[in-house]
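Report on the structure given below.
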Amino acid sequence: MDTNRELLERLWSPDSELVLSPEAEHEMRTEDYVLEMPQSGERIAGRNRMRAMQQEYPNPPSIQILRITGSGDNFVILGRSDYGGDVYYVANVVEFRDGRIARETRIYGAPFDPPAWRAKYATSPPQ
1 MDTNRELLER
11 LWSPDSELVL
21 SPEAEHEMRT
31 EDYVLEMPQS
41 GERIAGRNRM
51 RAMQQEYPNP
61 PSIQILRITG
71 SGDNFVILGR
81 SDYGGDVYYV
91 ANVVEFRDGR
101 IARETRIYGA
111 PFDPPAWRAK
121 YATSPPQ
């Protein structure tokens, strides 16, 4: 199995919450780690800044991992985050360097009702 995939699966067990301690998660990132969230225009540079942000996070969401896909140094994690009733789907693009997470780009999308005209083509995805 791909070592980077194993690292992600240790961090985020499919169908469950965060598995590793915050300290272990911190060690999985490069010193010059970068998190970008295009929708809010935020960029957190450095694993220490990321850890500090996590420590101050007021109400962390409940997270369900739906799928991890990719190989080598590039992966995408698809998840569902519940912020106490406000639900968002998350596509997290994860880039590795030398066996550690170097960059993440997180894209968030709120669920919405599908248009009626598409009903004859679509079904609901499995839960």
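Here the UniProt record's numbering is used: position 92 in the sequence shown is 92, and no number is missing along the way.
All C-beta atoms in this analysis are idealised placements derived from N, C-alpha and C, irrespective of residue type, glycine included.
Since the structure is predicted, the reported quantities are computational estimates derived from the model, not experimental observations.
- The C-beta distance from Ala102 to Thr3 rounds to 15 Å, too long to fall under 8 Å, and the pair is not in contact.
- Just measuring C-alpha positions, the residue of Glu23, Arg10, Pro111, Tyr88 sitting nearest Gln54 is Glu23.
- When secondary structure is reduced to three states using DSSP, Ala45 falls in the strand class.
- For Leu8, the closest of Arg43, Ser124, Val94 by C-alpha to C-alpha distance is Val94.
- Of the candidates Pro114, Phe96, Ala119, Lys120, the residue whose Cα lies closest to the Cα of Met28 is Phe96.
- In the DSSP assignment, Thr3 falls within the unbroken alpha helix (DSSP H) covering 3-11.
- Judged by pairs of C-beta atoms under 8 Å, the stretch 33-49 does not touch the stretch 67-74, as fewer than three such pairs exist.
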